[in-house]
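Asker: Here the protein sequences come in this chain order: X and C. Residue numbering for the first sequence follows my numbering, starting at 51 and increasing by one per position. Residue numbering for the second sequence follows my numbering, starting at 8 and increasing by one per position.
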Amino acid sequence: MRLEIQDLRASVDGTPILDGVTLAINTGETHALMGPNGSGKSTLANVLLGHPDYVVTGGKVLLDGENILDEPTDVRARRGLFLAFQYPVEVSGITIGKFLKRATELKYTENERVNLSKYVADLRKNMDFLQIDQEFINRYLNEGFSGGEKKRMEILQMLMIEPKFAILDETDSGLDIDALKIVAKGVNELQGDSFGSLIITHYQRILDYIRPQFVHILYRGRIVTSGGSELVEKLELKGYDWIKEQYEMEVQHEHANAVD
Amino acid sequence: MSTQTPSIEIEDYKHGFSDPDRSVFKTRKGLDEDVVRAISDLKGEPEWMKTFRLRALKTFYKKSMPNWGADLSNVNFDDIYYYAKPEGEQQRNWDDVPDDIKKTFDRIGVPEAERKFLAGVGAQYDSEVVYHNIRADLEQQGVIFCDPETAVREHPDLVREYFGTVIPFGDNKLAALNSAVWSGGSFVYVPKGVEVDIPLQAYFRINLESFGQFERTLIIADEGSFVHYIEGCTAPVYATDSLHSAVVEIIAKPGARVRYSTIQNWSGDIYNLVTKRAIAYEDATVEWVDGNIGSKRTMKYPSIYLMGEGAHGEVLSIAFSGKGQEQDTGGKVVHLADNTTSVITSKSISKGGGIASYRGLVKVEKGVRNVKSRVVCDALILDDQSQSNTYPYMEIDSDDVSVEHEARVSQISEDQLFYLMSRGMSEEEASAMIVNGFLDPLVKQLPMEYAVELNRLIELEMEGSVG
Numbered sequence: 051m052r053l054e055i056q057d058l059r060a061s062v063d064g065t066p067i068l069d070g071v072t073l074a075i076n077t078g079e080t081h082a083l084m085g086p087n088g089s090g091k092s093t094l095a096n097v098l099l100g101h102p103d104y105v106v107t108g109g110k111v112l113l114d115g116e117n118i119l120d121e122p123t124d125v126r127a128r129r130g131l132f133l134a135f136q137y138p139v140e141v142s143g144i145t146i147g148k149f150l151k152r153a154t155e156l157k158y159t160e161n162e163r164v165n166l167s168k169y170v171a172d173l174r175k176n177m178d179f180l181q182i183d184q185e186f187i188n189r190y191l192n193e194g195f196s197g198g199e200k201k202r203m204e205i206l207q208m209l210m211i212e213p214k215f216a217i218l219d220e221t222d223s224g225l226d227i228d229a230l231k232i233v234a235k236g237v238n239e240l241q242g243d244s245f246g247s248l249i250i251t252h253y254q255r256i257l258d259y260i261r262p263q264f265v266h267i268l269y270r271g272r273i274v275t276s277g278g279s280e281l282v283e284k285l286e287l288k289g290y291d292w293i294k295e296q297y298e299m300e301v302q303h304e305h306a307n308a309v310d
Numbered sequence: 008m009s010t011q012t013p014s015i016e017i018e019d020y021k022h023g024f025s026d027p028d029r030s031v032f033k034t035r036k037g038l039d040e041d042v043v044r045a046i047s048d049l050k051g052e053p054e055w056m057k058t059f060r061l062r063a064l065k066t067f068y069k070k071s072m073p074n075w076g077a078d079l080s081n082v083n084f085d086d087i088y089y090y091a092k093p094e095g096e097q098q099r100n101w102d103d104v105p106d107d108i109k110k111t112f113d114r115i116g117v118p119e120a121e122r123k124f125l126a127g128v129g130a131q132y133d134s135e136v137v138y139h140n141i142r143a144d145l146e147q148q149g150v151i152f153c154d155p156e157t158a159v160r161e162h163p164d165l166v167r168e169y170f171g172t173v174i175p176f177g178d179n180k181l182a183a184l185n186s187a188v189w190s191g192g193s194f195v196y197v198p199k200g201v202e203v204d205i206p207l208q209a210y211f212r213i214n215l216e217s218f219g220q221f222e223r224t225l226i227i228a229d230e231g232s233f234v235h236y237i238e239g240c241t242a243p244v245y246a247t248d249s250l251h252s253a254v255v256e257i258i259a260k261p262g263a264r265v266r267y268s269t270i271q272n273w274s275g276d277i278y279n280l281v282t283k284r285a286i287a288y289e290d291a292t293v294e295w296v297d298g299n300i301g302s303k304r305t306m307k308y309p310s311i312y313l314m315g316e317g318a319h320g321e322v323l324s325i326a327f328s329g330k331g332q333e334q335d336t337g338g339k340v341v342h343l344a345d346n347t348t349s350v351i352t353s354k355s356i357s358k359g360g361g362i363a364s365y366r367g368l369v370k371v372e373k374g375v376r377n378v379k380s381r382v383v384c385d386a387l388i389l390d391d392q393s394q395s396n397t398y399p400y401m402e403i404d405s406d407d408v409s410v411e412h413e414a415r416v417s418q419i420s421e422d423q424l425f426y427l428m429s430r431g432m433s434e435e436e437a438s439a440m441i442v443n444g445f446l447d448p449l450v451k452q453l454p455m456e457y458a459v460e461l462n463r464l465i466e467l468e469m470e471g472s473v474g
């Protein structure tokens with residue numbers, strides 16, 4: 051499968067944030083999207099899943115050639131998109147066990163039934179794998195979880211749902227090194243021919259554990275450069291300042307042109 | 008983000024069907040002394056009960072309607088039938104209940120529930136109890152579970168000792184009305200030390216149009232006993248309004264525990280104006296679980312008087328107020344003895360222009376020591392047209408008291424919906440999940456079968472709520 055973002059533009063409260071993002075991900079590929087704060091990374095993640103606060107003002111998002119921008123969030127999810135949230139919300143009264151069972155069921159078409167014993171076995175196996183205590187099955191969704199527990203729960207959901215494309219929105223932020231390794235382990239577990247991922251991050255740290263083939267740098271709402279892991283090393287050495295220096299003029303110039 | 012689904016209207020109410028009027032006796036519309044006498048005569052009551060009714064009627068005329076809660080301006084006491092006797096006599100076997108009536112209770116699922124998980128059932132159809140039965144072993148232990156008419160005949164001493172003592176007819180206009188025209192209901196007596204292991208249930212069905220149902224329930228739990236009593240109620244959907252005005256009195260003797268659960272699912276044309284009160288003696292516990300889903304207007308504040316040291320009271324109130332509905336509910340606890348504790352928890356949901364109001368009182372009498380009380384009110388408002396109000400009254404006349412009060416009003420947040428939808432759930436399913444989650448801590452305290460029923464009702468109410 052192929053997820054293709056074409057000249058995507060979006061704004062929040064009337065302020066343009068994405069300014070023509072173009073990017074294609076195939077299953078079997080791992081992409082990293084890096085960029086300084088405020089460059090539009092989280093906006094891209096939210097727009098891909100259709101958060102109502104973000105208004106798409108141009109461009110397309112194609113899933114195997116079909117534009118999904120008119121589809122509601124749940125349809126996008128059932129077609130194979132997954133977002134690991136930067137700040138997962140708390141939902142009281144819904145247990146992890148019940149929630150994940152429903153989310154797992156939704157992978158199947160109407161004629162298939164989820165096999166309950168297989169579901170329970172998979173859930174327990176994945177919880178062990180991510181070092182999540184089994185008692186979390188009966189806890190309410192994200193309620194009272196620490197930052198690290200929330201992030202691991204996102205990865206657990208990803209493992210259970212087995213999406214075609216996962217977008218991880220700064221899943222590494224706020225994690226200590228042990229938690230980071232667990233999260234990376236979860237993502238690597240799904241790596242394969244039928245899974246593609248977009249790892250959104252500010253820091254290179256997580257990319258020591260999840261190796262991307264493609265690295266893109268987002269700056270002021272557009273991808274200003276793409277490459278391989280050498281880009282990550284460059285960022286590690288020089289920080290984001292060189293991006294600003296190198297691309298500020300270009301972006302400003304084009305903005306000026308656009309106004310004309 | 009919008010899903011086009013038909014909005015929920017009255018026809019989605021599952022129990023809105025009606026049977027033809029086959030009542031064998033009906034008082035004329037409206038209320039006066041003759042109507043009250045006719046009811047009493049038909050029941051062949053002793054003089055003391057007839058006198059009680061007639062005095063109550065006088066009080067009913069004198070008292071004014073409560074004007075501080077739900078809008079009752081359209082209640083017309085002259086346009087109501089106060090008594091209707093359905094065909095047939097009271098039976099202990101469903102096969103002996105007239106066909107129409109049996110089918111109605113079958114559709115509602117009462118006989119099935121009885122077979123599966125109840126220790127005894129009373130089923131009332133309009134004014135009379137048409138079916139009553141209790142497990143033989145409980146009867147052998149001396150548990151009494153019958154309609155109050157039977158109790159008046161067979162256990163007059165018990166009835167005279169307690170009837171109208173917890174809620175005197177002068178308490179309020181609607182209690183006076185019930186006392187004048189009461190018919191049907193339940194009488195429960197649990198002897199010392201007897202624990203009724205699975206619930207007793209009474210089921211109330213209104214079939215007639217423009218009708219008033221006035222059942223009367225008296226529960227006496229003797230020392231150290233336990234009973235869980237459940238009531239359910241439904242009615243057909245008509246174009247005119249009906250009235251349901253019950254009185255429920257509970258006496259929990261020292262060390263007894265009584266739990267009273269209600270799943271009220273009246274149709275949208277019922278005024279549901281009910282007075283419920285319990286007295287708890289030393290170390291007794293009374294719990295009201297009060298779920299209000301249906302009706303046009305409900306005013307109901309189950310209350311507990313903690314009379315003995317160490318007594319404990321709990322009120323769990325769940326209200327769902329949809330289009331055209333006003334649920335004015337809550338609870339009341341009065342601490343009259345030392346070392347008494349109470350908890351009032353209220354969860355309300357309003358949508359489609361519905362109004363849900365919590366109204367409650369915690370009162371501590373002068374000089375009473377070491378009292379603990381906690382009141383938690385959570386309201387969830389699903390749209391801009393709907394409303395939630397909180398009226399938590401406190402009258403504390405003692406220093407040795409710990410009272411906590413928390414109130415929260417919330418809306419389903421866009422971020423919560425987005426989160427659930429990003430895992431593949433439709434907007435409608437996600438909303439229902441959040442609402443059920445909001446209620447979950449309370450629903451968990453219901454017996455399993457009722458928790459499932461309540462969840463199902465909420466899901467039904469939530470259908471088409473997204474547009």
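Every residue, glycine too, gets a C-beta built ideally from N, C-alpha and C. None of these values were measured; they are calculated from a predicted model.
Within a Cβ cutoff of 6 Å, which residues of the same chain sit near residue 252 of chain X, ignoring the five residues on either side of it in sequence?
Answerer: Residue numbering aside, residue 252 of chain X sits at position 202 when the first sequence is read from its first letter. Cβ neighbours of residue 252 of chain X beyond the five flanking positions: none.
Asker: Taking only beta-carbon positions, decide if residue 139 of chain X is within less than 8 Å of chain C.
Answerer: Position 89 of the first sequence, counting from 1, holds the residue named residue 139 of chain X. By this cut-off, residue 139 of chain X is an interface position.
Asker: Just reading off the beta strand (DSSP E) that residue 379 of chain C is part of, what are its end residues?
Answerer: Here residue 379 of chain C corresponds to residue number 372 of the second sequence, with the count starting at 1. Unbroken beta strand (DSSP E) run through residue 379 of chain C: 378-388.
Asker: For residue 299 of chain X, count neighbouring C-beta atoms within 10 Å of its own C-beta (all shown protein chains included) and say buried if the count is 16 or more, exposed if not.
Answerer: Position 249 of the first sequence, counting from 1, holds the residue named residue 299 of chain X. So residue 299 of chain X counts as exposed.
Asker: Given this structure, state the Cα-to-Cα distance separating residue 199 of chain C from residue 129 of chain C, to the nearest angstrom.
Answerer: The sequence position of residue 199 of chain C within the second sequence is 192, counting from 1. The sequence position of residue 129 of chain C within the second sequence is 122, counting from 1. Taking the straight line from one Cα to the other gives about 23 Å.
Asker: So with Cβ pairs under 8 Å, would you call residue 90 of chain X a contact of chain C?
Answerer: To locate residue 90 of chain X, count along the first sequence from 1; it is residue 40. Answer no: the Cβ-Cβ gap between residue 90 of chain X and chain C never drops below 8 Å.
Asker: Hey, how far is the Cα of residue 237 of chain X from the Cα of residue 370 of chain C?
Answerer: Position 187 of the first sequence, counted from the first residue, corresponds to residue 237 of chain X. Position 363 of the second sequence, counted from the first residue, corresponds to residue 370 of chain C. The straight-line gap from Cα to Cα measures roughly 57 Å.
Asker: Using a cut-off of 7 Å between C-beta atoms, extract the partners of residue 460 of chain C located in chain X.
Answerer: To locate residue 460 of chain C, count along the second sequence from 1; it is residue 453. Near residue 460 of chain C there are no residues of chain X at all, since even the closest Cβ is about 17 Å away, more than 7 Å.
Asker: Give a yes or no on whether the minimum CB-CB distance between residue 223 of chain X and chain C is below 8 Å.
Answerer: Locating residue 223 of chain X in the first sequence gives position 173, where the first residue counts as 1. Closer than 8 Å: no.
Asker: In terms of alpha-carbon separation, which member of X/220, X/178, X/227 and X/223 lies closest to residue 206 of chain X?
Answerer: In the first sequence, residue 206 of chain X corresponds to position 156, counting from 1. The option with the nearest alpha carbon to residue 206 of chain X is X/178.
Asker: Which first and last residues belong to the beta strand (DSSP E) in which residue 271 of chain C is found?
Answerer: Indexing the second sequence from 1 puts residue 271 of chain C at position 264. Start and end: 264-271.
Asker: What do you get for residue 63 of chain X, buried or exposed, if any count of 16 or more other CB atoms within 10 angstroms of its CB means buried?
Answerer: Position 13 of the first sequence holds residue 63 of chain X. Exposed.
Asker: Can you give the Cα-Cα distance for residue 296 of chain C and residue 321 of chain C, rounded to whole angstroms?
Answerer: One-based indexing of the second sequence puts residue 296 of chain C at position 289. One-based indexing of the second sequence puts residue 321 of chain C at position 314. Cα to Cα, the separation comes out at about 8 Å.
Asker: So residue 277 of chain X packs on residue 213 of chain X, CB below 8 Å; how close in whole Å?
Answerer: By one-based count along the first sequence, residue 277 of chain X stands at place 227. By one-based count along the first sequence, residue 213 of chain X stands at place 163. Residue 277 of chain X to residue 213 of chain X, Cβ: 26 Å. No contact.
Asker: For residue 248 of chain X, does the three-state DSSP call read helix, strand or coil?
Answerer: Translated into positions along the first sequence, residue 248 of chain X becomes position 198. Residue 248 of chain X: strand per DSSP, three-state reduction.
Asker: Are residue 70 of chain C and residue 179 of chain C touching if we call contact CB-CB under 8 Å?
Answerer: Stepping through the second sequence from its first residue, residue 70 of chain C is reached at position 63. Stepping through the second sequence from its first residue, residue 179 of chain C is reached at position 172. Yes, the Cβ-Cβ distance between residue 70 of chain C and residue 179 of chain C is below 8 Å.
Asker: Is residue 219 of chain C helix, strand or coil by DSSP?
Answerer: Your numbering for residue 219 of chain C matches position 212 in the second sequence. Note: residue 219 of chain C maps to strand in three-state DSSP.
Asker: Tell me the rounded alpha-carbon separation between residue 93 of chain X and residue 68 of chain X.
Answerer: Counted from its first residue, the first sequence places residue 93 of chain X at position 43. Counted from its first residue, the first sequence places residue 68 of chain X at position 18. Going by the C-alpha atoms only, they are around 7 Å apart.
Asker: So what does residue 335 of chain C bridge to, in DSSP terms?
Answerer: What you label residue 335 of chain C is simply residue 328 of the second sequence in a count that begins at 1. Answer by DSSP bridge pairing, in chain order: C/306 and C/364.
Asker: Which residue from C/315, C/230, C/429 and C/232 puts its Cα closest to that of residue 376 of chain C?
Answerer: If you number the second sequence from 1, residue 376 of chain C lands on position 369. For the residues C/315, C/230, C/429 and C/232, the minimum Cα distance to residue 376 of chain C belongs to C/315.
Asker: What first and last residue would you give for the beta strand (DSSP E) that runs through residue 399 of chain C?
Answerer: Here residue 399 of chain C is taken as the residue at index 392 of the second sequence, counted from 1. Taken as a continuous stretch (DSSP letters only), the beta strand (DSSP E) holding residue 399 of chain C covers 394-403.
Asker: Can you give the beta carbon distance from residue 7 of chain C to residue 220 of chain C, rounded, assuming they're within the 8 Å contact cut?
Answerer: Since the first and last residues shown for chain C are 8 and 474, residue 7 of chain C lies out of range.
Asker: Along chain C, which residues have their Cβ under 8 Å away from the Cβ of residue 103 of chain X?
Answerer: Looking up residue 103 of chain X in the first sequence gives position 53. By Cβ distance, chain C contributes 421.
Asker: Take the Cβ of residue 189 of chain C as the centre, count every other Cβ of all protein chains shown within 10 Å, and call the residue buried at 16 or more, exposed below.
Answerer: Numbered from its first residue, the second sequence carries residue 189 of chain C at position 182. Looking at its Cβ environment, which holds 16 or more other Cβ atoms inside 10 Å, residue 189 of chain C is buried.
Asker: Using DSSP bridges, identify the partner residues of residue 432 of chain C.
Answerer: As a first step, residue 432 of chain C must be located in the second sequence, where it is residue number 425. In DSSP, residue 432 of chain C forms no bridge with anything.
Asker: Looking at the structure shown, is residue 370 of chain C part of a helix, part of a strand, or coil, going by DSSP?
Answerer: Indexing the second sequence from 1 puts residue 370 of chain C at position 363. Three-state DSSP puts residue 370 of chain C in a strand.
Asker: For residue 159 of chain C, which three-state DSSP category applies?
Answerer: Position 152 of the second sequence, counted from the start, is the residue given in the question as residue 159 of chain C. Three-state result, residue 159 of chain C: helix.
Asker: In this structure, does DSSP put residue 213 of chain C in helix, strand or coil?
Answerer: On the second sequence, position 206 is the one that residue 213 of chain C refers to. In this structure, residue 213 of chain C counts as coil in the three-state DSSP scheme.
Asker: By a C-beta neighbour count over all protein chains shown, 10 Å radius and 16 as the cutoff for buried, is residue 221 of chain X buried or exposed?
Answerer: Counted from its first residue, the first sequence places residue 221 of chain X at position 171. Burial call: buried.
Asker: Taking only the alpha-carbon atoms, compute the straight-line gap between residue 440 of chain C and residue 110 of chain C and give it to the nearest angstrom.
Answerer: Counting from 1 along the second sequence, the entry for residue 440 of chain C is found at position 433. Counting from 1 along the second sequence, the entry for residue 110 of chain C is found at position 103. Straight-line Cα distance between these residues: approximately 33 Å.
Asker: Residue 473 of chain C by DSSP, collapsed to three states: which one?
Answerer: Along the second sequence, read from residue 1 onward, the residue named residue 473 of chain C stands at position 466. With a pLDDT of 46 at residue 473 of chain C, under the threshold of 50, the modelled position of that residue is not reliable, and the figure given next carries that caveat. Residue 473 of chain C falls in the coil class under three-state DSSP.
Asker: Are there any heavy atoms of the ligand GDP lying less than 7 Å away from the beta-carbon of residue 98 of chain X, as far as the coordinates show?
Answerer: With respect to the ligand GDP, the structure shown offers nothing to examine, as it has no ligands at all.
Asker: Can you list, in chain order, the residues of its chain whose CB lies under 6 Å from that of residue 285 of chain C, leaving out five sequence neighbours each side?
Answerer: Sequence index remark: in the second sequence, residue 285 of chain C carries index 278 (1-based). If we look at residue 285 of chain C and ignore the five residues flanking it on each side, its Cβ neighbours are 257, 293 and 311.
Asker: Report all residues from its chain with a CB closer than 8 Å to the CB of residue 171 of chain C; omit the five preceding and five following residues, and keep chain order.
Answerer: The residue labelled residue 171 of chain C in the question sits at position 164 within the second sequence. Excluding residues within five positions, the ones whose Cβ falls inside 8 Å are 59, 186 and 256.
Asker: Is the CB-CB distance between residue 267 of chain X and residue 249 of chain X below 8 Å?
Answerer: Position 217 of the first sequence holds residue 267 of chain X. Position 199 of the first sequence holds residue 249 of chain X. Result no, Cβ atoms of residue 267 of chain X and residue 249 of chain X do not sit closer than 8 Å.
Asker: Flag residue 465 of chain C as yes if its beta-carbon sits less than 8 Å from any beta-carbon of chain X, otherwise no.
Answerer: What you label residue 465 of chain C is simply residue 458 of the second sequence in a count that begins at 1. Not an interface residue.
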